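Protein chains in written order, with our numbering: chain A, 35 to 511; chain B, 35 to 511. Cβ atoms here follow ideal geometry from the backbone N, Cα and C, with glycine treated the same way. Just so we're clear, the structure is a prediction, and the values are computed from it rather than from any experiment.
Number of protein chains: 2
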Amino acid sequence: MNHDHDHKACSDGELPAKAPDTGRRQFLQCGTLAGAAAAFGSTIGAASLAHAQTALTRSTISHYHIPASDKTIHWGYFSKSLKELVTVESGDFVTIETITHHAYDDYERMIKGDPGAESIYYWDKTRKGVNRRGAGPMDASLFGRGAGEGLGVHICTGPVAVKDAQPGDILEVRILDVKLRPCANPKYKGKSFGSNAAAWWGFHYKDMIEEPKEREVITIYEVDAAGERNCAKAVYNFRWVPQTDPSGVLHKTIDYPGVPVDHSLVQENFGILKNVRVPIRPHFGTMGLAPAEADIVDSIPPSYTGGNIDNWRIGKGATMYYPVAVPGGLLSVGDPHASQGDSELCGTAIECSLTGTFQLILHKKAALAGTALENLNYPLLETQDEFIVHGFSFANYLAELGPKAQSEIYSKSSIDLALRDAFRKMRHFLMTTQGLSEDEAVSLMSIAVDFGITQVVDGNWGTHAIVKKSLFGVDEA
Amino acid sequence: MNHDHDHKACSDGELPAKAPDTGRRQFLQCGTLAGAAAAFGSTIGAASLAHAQTALTRSTISHYHIPASDKTIHWGYFSKSLKELVTVESGDFVTIETITHHAYDDYERMIKGDPGAESIYYWDKTRKGVNRRGAGPMDASLFGRGAGEGLGVHICTGPVAVKDAQPGDILEVRILDVKLRPCANPKYKGKSFGSNAAAWWGFHYKDMIEEPKEREVITIYEVDAAGERNCAKAVYNFRWVPQTDPSGVLHKTIDYPGVPVDHSLVQENFGILKNVRVPIRPHFGTMGLAPAEADIVDSIPPSYTGGNIDNWRIGKGATMYYPVAVPGGLLSVGDPHASQGDSELCGTAIECSLTGTFQLILHKKAALAGTALENLNYPLLETQDEFIVHGFSFANYLAELGPKAQSEIYSKSSIDLALRDAFRKMRHFLMTTQGLSEDEAVSLMSIAVDFGITQVVDGNWGTHAIVKKSLFGVDEA
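Below you can see the structure in the form of structure tokens.
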């Protein structure tokens, strides 16, 4: 692994930095917030699933800032062997910068002038800023694409360890804020951009009607950075043509992340999607903990510790609950999206760099008995109004599919299987957290729970089941 | 067929009746509304897909009322051979009463005192109010369940023919109002009730955790009739036990619709789903036109002419567009639901009698060229804010699966196939109605269209794709 973490510890007592541009080149910034926990308790509100179990007795809370750079990211995989960037305590805040792995689709708009993105994407004949991209072999002996073989594609910032986290615990991750990363190129000052790749792994790819079929198309979107219009619009699109990377490897398709797109080779089509505006839903496509079952794990298939769930509801104001599988938990965040539809049909969302602020709350296994989090062995999402469970074709594919799980998962997925899993998880959720019998849970699922298709492009296909909080706790008249 | 339509034509010039209780025993009531078309044009609004093509030049519009009774319903099937109850002109209004096929789960709350429901459900040793229930053989030679064999279960009111409707035309059905049917039993005055059956055809059935497994459970819900609280609450549930119908046939499972449940044989469990309230979403699970491919068609699998789509969004304020397959179109409405979740997981919704008021607009094939309805060969839903297409495992299963389609569909369904179909239909919709290229449509689908699971219990499983109207027609800044 090319993972060279040389982070420094923060000393308490500093005020949180205001994140100046140069801040990204610092490794970590942190500060102490007195009384912040109590304040956040009331912000999150009494409806929060775990609130009642969360007793933050610390008088000071630290706030860390993790900029995105070649030193703070791992590309295309999760790993229990990664050294943590920092160890936080339960209740601490972390602001984490994330960079989209599609930024090199348009260097001018998504990398140029941004030291963090430049350090990550650096690639010349002799050196890559980040060499390993994916969970494959470093010598590219499988496909010859490059180190890691692109078996896993997401640039993930982290991991962040949580003090005392042990397998069996639950880590609650509150997403307090999500901000677009402004374009650093003065030419596009004040704007943000993202890329949507309709790629070979998309659901549409072998089912196209216009010629030439089986084409890959990249659409660049401008995203309202001020947040006032809260929408995205297409700038232009182009068809992928074979690209030779700086190491001399030809990429006929989008088969390796971060390949520089030579725009002198592509035809840029402007004036597309005229008069169309897409409301943005900024969120993190990939967020989760390191799994226990394997060392280096492809970042693409989601699993019981989260990862690439690709649910657009995992945005500002939402809370995720993850089962801890390895000591420290090891939270990583990446695959930032400005917007995505349920199914992520063509293979990607509007892939767009974002910065998130999180609060991490550790729920120890010993304290889970009798609570809503007891026996939670899947990633659970809580929004202001809803609880959402995630079903996958295989709930824990690494354990279920054996030694070849990481390749076999790509040939075994189906939405039918993922619905089966979502059904079982929602039944568990309703029986555990609401104390329902199976008969009550099954009836309620049929009349009031909405099952949707999260994604059909991540190997381990996903569904979700949404139940509204307002159904529960109504006083009998 | 036991279908004995002896309706009388309405004479214009009467005012619409106020639907007194005795009105249900009249066959049809109708009246003339002057200028109503223009008024409705403005109510539906400029955002309506077909509004621009709808030029209602008639100065008077009729309003028909079709009560539900043994004379106005067909049970468990669609058929191009059914004689129409009435022929309306494009622009006319029709109020249609519908009765749930689960009413006999609780006779006291859903049938007693209601002449229409009583006439439909009447069943003694020698006579059934409606003999055929389903598309199977009248002599029950397949399974011995009863006439029609329960191969199709929905009580459908209709059909209504539309003057001049021919194959290739599109029928627009605007749902102007949906009302709960009040309980006619004085004991429950002012209330409405529905039934949810977790049945053998449910997605959960072979995957239960509590004993005894493979049990069928019926939950009776009280639905707020006044509409003030707008929610439903469980009253009690009971496990299905073998029931002998008045003809002497034993029904070990819920295998034939309208079997009287003898409540002296079942254990009623009160106090269930305490403090749980389900917001209601009144809608018609089954609404559509007669298909051309077969004579008597099982009402369960939805298809290109609509039918049992089971999308809870097909409620008040929504508009459906159906391809006309046979002369007159032959619209029938049934399977009324008070609420359903996406997937209808356990096999049914809150099955609850409703009355709908509709306006029917015929779009002639010759006038479709260049409009948003050109080449529409699937059922399209328009709500106030959204367009929704419906994907099925087989878009037109009667044509695709051949002579044995009506039995084979039950063994061939999958959500994966239904998503494939929804993808193709949404692509068609975006390319046709918004003038997008395939590349534009595919990108937009991935970033802004939400794909959900409509139902996994109707043989021909369904998905839907939702796109917001607000995406389109934004002026370039």
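- Under DSSP, residue 373 (chain B) takes part in a beta bridge, and its partners are B:384.
- With a threshold of 8 Å between beta carbons, residue 474 (chain B) makes contact with chain A.
- In this chain, the alpha helix (DSSP H) harbouring residue 474 (chain B) covers 472 to 482.
- Put simply, the backbone Cα of residue 240 (chain A) is about 10 Å away from that of residue 233 (chain A).
- In its chain, beyond the 5 residues on either side, 275 have a beta carbon closer than 6 Å to the beta carbon of residue 299 (chain A).
- Taking a C-beta cut-off of 7 Å against chain B, none of the residues of the segment 118 to 141 of chain A qualify.
- For residue 327 (chain B), the nearest beta carbon of chain A is not closer than 8 Å to its own beta carbon.
- Remark: C-beta atoms of residue 199 (chain B) and residue 358 (chain B) approach each other more closely than 8 Å.
- Within the segment 377 to 403 of chain B, contact with chain A at the beta-carbon level (separation under 9 Å) is assigned to 377, 378, 379, 380, 381, 382, 383 and 384.
- For a Cβ distance threshold of 9 Å, residue set 480, 481 and 482 of chain A lies close to residue 374 (chain B), ordered along the chain.
- Looking only at A:296, A:184, A:256 and A:293, the smallest Cα-Cα distance to residue 169 (chain A) is reached by A:184.
- Less than 8 Å separates the beta-carbon of residue 480 (chain B) from that of residue 378 (chain A).
- Among the residues of the segment 249 to 260 of chain A, those with a Cβ less than 7 Å away from any Cβ of chain B are 251 and 253, in the order of the chain.
- Close CB contacts of residue 187 (chain B) within its chain, under the 6 Å cut and outside five residues either way in sequence, are with 110, 135 and 291 (chain order).
- The beta carbon of residue 118 (chain B) sits closer than 7 Å to those of 193, 194, 195, 362 and 364, all from its chain and outside the five residues before and after it, given in chain order.
- DSSP places residue 220 (chain B) in the helix class (H, G or I) of the three-state scheme.
- Secondary-structure assignment with DSSP links residue 267 (chain A) through a beta bridge to A:256.
- Put simply, the CB of residue 143 (chain A) is far from chain B, with every gap to its CB atoms at 8 Å or more.
- In the displayed model, residue 485 (chain B) falls within a strand according to three-state DSSP.
- Around residue 482 (chain A), the same chain offers 501, 502 and 505 as residues with beta carbons nearer than 8 Å, after the five sequence neighbours per side are excluded.
- According to the DSSP assignment, residue 403 (chain A) belongs to no alpha helix (DSSP H), since it is labelled neither H nor E.
- In chain order, 183 place their CB closer than 6 Å to the CB of residue 177 (chain B), counting only its own chain and leaving out the 5 sequence neighbours on each side.
- Judged by DSSP in its simplified three-state form, residue 246 (chain B) adopts coil rather than helix or strand.
- Taking each of B:236, B:149 and B:329 in turn and checking the Cα distance to residue 287 (chain B), the smallest one comes out for B:236.
- CA-CA distance, residue 191 (chain A) to residue 469 (chain A), rounds to 38 Å.
- Against chain A, the CB of residue 307 (chain B) has a partner CB under 8 Å away; the residue lies at that interface.
- Exclusion of the five residues before and after residue 145 (chain B) leaves 137, 138, 151, 152 and 155 as the residues of its chain whose Cβ lies within less than 7 Å of its Cβ.
- Check the Cα spacing between residue 277 (chain B) and each of B:270, B:473, B:264 and B:250: the tightest is with B:250.
- Inter-residue distance for residue 459 (chain A) and residue 395 (chain A) is about 22 Å (C-alpha atoms, whole angstroms).
- In the DSSP assignment, residue 143 (chain A) falls within the alpha helix (DSSP H) that extends over 141 to 144.
- Residue 238 (chain A) sits away from residue 423 (chain B), with the two beta carbons spaced by 8 Å or more.
- For the options A:96, A:219, A:355 and A:142, the alpha carbon positioned closest to that of residue 296 (chain A) is the one of A:142.
- For a Cβ distance threshold of 8 Å, nothing in chain B lies close to residue 415 (chain A): the least Cβ distance comes to about 16 Å.
- Identification of chain B residues near residue 448 (chain A) by a Cβ-Cβ cut-off of 9 Å yields 448, 449 and 450, ordered along the chain.
- The DSSP-derived three-state label of residue 131 (chain A) is strand.
- In this structure, DSSP gives residue 445 (chain A) a helical state, which the three-state scheme calls helix.
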